[in-house]
Amino acid sequence: MIENREQHLIRKIRSLCAQLESEIDAKENGQANQQDTMGTINYKELLEMSADYYWTFDPNANMIQFLYIKGRTSQDMPVSVSYTTILKAIPTDQQKVISDAFLHLLQGESKEEVFQFQRVHGDLTYEMEASCRAFMDGQIKKVMGICKLYNKYSRSQRQTVQEEEKFNVLMSLSNMFIWEYDVKEDTFLANASLFHKLKIDEGTYSFEEAVDLLGMPKLNDLKQHIMDDNLTGHAIVHVKPKGNPMDYIFETNYKPIKDKHGRYQMIIGTMEDITEKEILKTNASKDPLTNSYNRRTADMTLHSSFEKFMNGEDFYTLIFFDIDNFKSINDSYGHDMGDYVLRHVCEVITKEIRNSDMLCRWGGDEFLLICTGISKENIYAYIDRLRKLIDNTEFAFNKEKVHVTVSMGAAYYYHSDVTFDQAMKRADRSVYKSKLAGRNKVCILK
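Residues 1 to 446 in UniProt numbering are what the sequence shown lists, from first letter to last.
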């Protein structure tokens, strides 16, 4: 689309058409004077500032004569080109728009026609807007017009733009959005579809403005992770945009861009709107104490995930863990502290796991995390990150503090398994091995 700053020039160009038409009429009637001559000079100066092409079309000769082309001297003008040749450089669907415009003018159906079109010349495409009117040249009715170039790009540039447009469409269809944080400038930017969804004016905002507008205090955690050089690359964030009654839940994955000295320059990421998924999850059967999924939901998920695995649809990892010395915590600090530890362990892990992962309370202080799509090469690092997170979290309740650790184990489904129970038994044995190794460990049985 033509930009606002060009619209003013286009309006000037249209007025020039009317001015030239009047001067032509005056000359034909023998009424031209010094003032007309000065008008023509002013016209030419304004034309050179405002237009890229000035031309006339003779329908009898089927020719377009260029009287002015920006960048060419008056000695090179005029240039005549057949109308058919001009049309060949214009996309087929736009040829009819131009032909119809000329026809309307020549038949007196309209006084002025304005249209946009593209002209292809070699590797370059020119996007233009034309304004034209009919006039009498002796006994012949012709069309005169002015064109303004407002965009020019090569085939490769156009392909890039098209790919970006396709990407943005696909992202919006999948409820995915893009954001970036410029660390040096301390500014936050996102693609237009995210701003549109959240009903926020599109633009680049300072970090503080973004936190306020998005109603997303967790953005401050990102800044802290940058300072600590401890980016996790993933988060579930709650967004309550300013002036918007809706609450949104997004899953975001992001990566840093560093300079050659290892300093953060920019953080780029994607955001997926998982609000509806989260509502459905909330309505599912959950454990009332920890808000994790209960044993019944875990059993149903194990059944369905095992079937999907056997059908070759996905790859699963079962992560089993329990809280080290949980009975001692209950005995020493009371059941209220024990309940708090259970809740807080689940809160910490839920904030860090992916949306596709499912945390379930298996019973007592035992928990099951069902993961999909994590390769065997990466699963240990993923589990150990969760273990370290609990180990480094402060658990404080009623002015009492307790150090909490978990022993974690994992197992995979195998095609030789008859039921998911076999994988669960392997996961349970792996937890037992973690405890034998001194607790606060991760063990994976092959």
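Don't be surprised by glycine CBs; every beta carbon is placed ideally from N, CA and C.
These numbers were taken from a predicted model, which means no experiment stands behind them.
Taking C-beta atoms as the reference points, L318 and A410 count as a pair closer than 8 Å. Scanning its chain for C-beta atoms nearer than 7 Å, with the 5 sequence neighbours on each side dropped, one finds around N330 the residues G338, in chain order. With fewer than three CB-CB distances shorter than 8 Å, the region 271-279 does not count as touching the region 383-400.
Per the C-alpha coordinates, the member of Y264, N398, H196, P59 positioned closest to D186 is Y264. G233 is not a Cβ neighbour of K199, given a cutoff of 8 Å.
Where V120 is concerned, the enclosing beta strand (DSSP E) starts and stops at 113-121.
CA-to-CA, the gap between F250 and V239 works out to about 7 Å. The three-state reading of DSSP puts H344 in helix, counting H, G and I together.
Burial is judged here by how many other beta carbons sit within 10 angstroms of a residue's own beta carbon; D421 has fewer than 16 and is exposed. Taking the Cα positions, K148 is about 12 Å away from R119. I279 counts as exposed, since fewer than 16 other beta carbons sit within 10 angstroms of its beta carbon.
Here V239 is bridged, per DSSP, to Y248.
The C-alpha of K152 is placed about 28 Å away from the C-alpha of A134. In the DSSP assignment, S304 falls within the unbroken alpha helix (DSSP H) covering 295-310. The beta carbon of E366 lies closer than 8 Å to those of F320, F321, D322 in the same chain, with the five residues before and after it left out. Within the same chain, Cβ atoms closer than 7 Å to the Cβ of V348 are found at L389, I390, T393, the five residues on either side in sequence being excluded.
Annotation: S206 to K184 spans about 11 Å, alpha carbon to alpha carbon.
When DSSP states are grouped into helix, strand and coil, N330 belongs to the helix group.
Taking C-alpha positions only, S430 is separated from A396 by approximately 30 Å.
If you look at V406, you'll find it in the beta strand (DSSP E) that goes 406-412. Close CB contacts of M77 within its chain, under the 8 Å cut and outside five residues either way in sequence, are with F66, L67, Y68, I69 (chain order). Contact check for I268 and E180: beta-carbon distance about 5 Å, within the 8 Å limit, so the pair qualifies. Residue environment: L359 is assigned as buried (16 or more neighbouring CB atoms within 10 Å of its CB, all protein chains considered). For F315, there is no enclosing beta strand (DSSP E), as DSSP marks it with neither H nor E. For D357, same chain residues with a beta-carbon under 8 Å away, outside a window of 5 residues either side, are L369, I370, C371, T372 in chain order. In the three-state DSSP reduction, G338 falls in the helix class (H, G or I).
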